[in-house]
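Residue numbers (UniProt numbering): 1 to 88. Ideal Cβ positions, reconstructed from N, Cα and C, are used throughout, including at glycine. Fair warning: this is a prediction, and the values are worked out from it, not measured in the lab.
Below is the structure:
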């Protein structure tokens, strides 16, 4: 495992994302949508790889991402399904 060959050619930033990088990525995805993640960093003006941008969007920046505790009906559904399906 490691980086793709295209990632060796450019100086990529590692580590924590800055608020400015988050803003650039959010603006780009909002305006253009997501599709080819390998081209997103260059078009958005980021020094990150496409995989990093995709994971940041999916896990932290998506507008429909729900944060916080489960609602009571969600918790009841989990318990009900666990009783039916058990541990798998």
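**OP:** Could you give the DSSP three-state label for residue 28: helix, strand or coil?
**Re:** In the structure shown, residue 28 sits in a helix (DSSP, three-state: H, G or I).
Subject >> Counted within 10 angstroms of its Cβ, other Cβ atoms place residue 28 as buried (16 or more) or exposed >> reply: When all chains shown are included, residue 28 counts as buried.
Original post:
Three-state secondary structure (DSSP) at residue 42?
Top reply: The three-state secondary structure of residue 42, taken from DSSP, is helix.
Subject >> Given 8 angstroms, three or more beta-carbon pairs between the segment 67-75 and the segment 32-40 >> reply: Counting Cβ pairs under 8 angstroms, fewer than three are found: no touch.
Original post:
Hey, how far is the Cα of residue 49 from the Cα of residue 12?
Top reply: Their Cα atoms are separated by approximately 7 angstroms.
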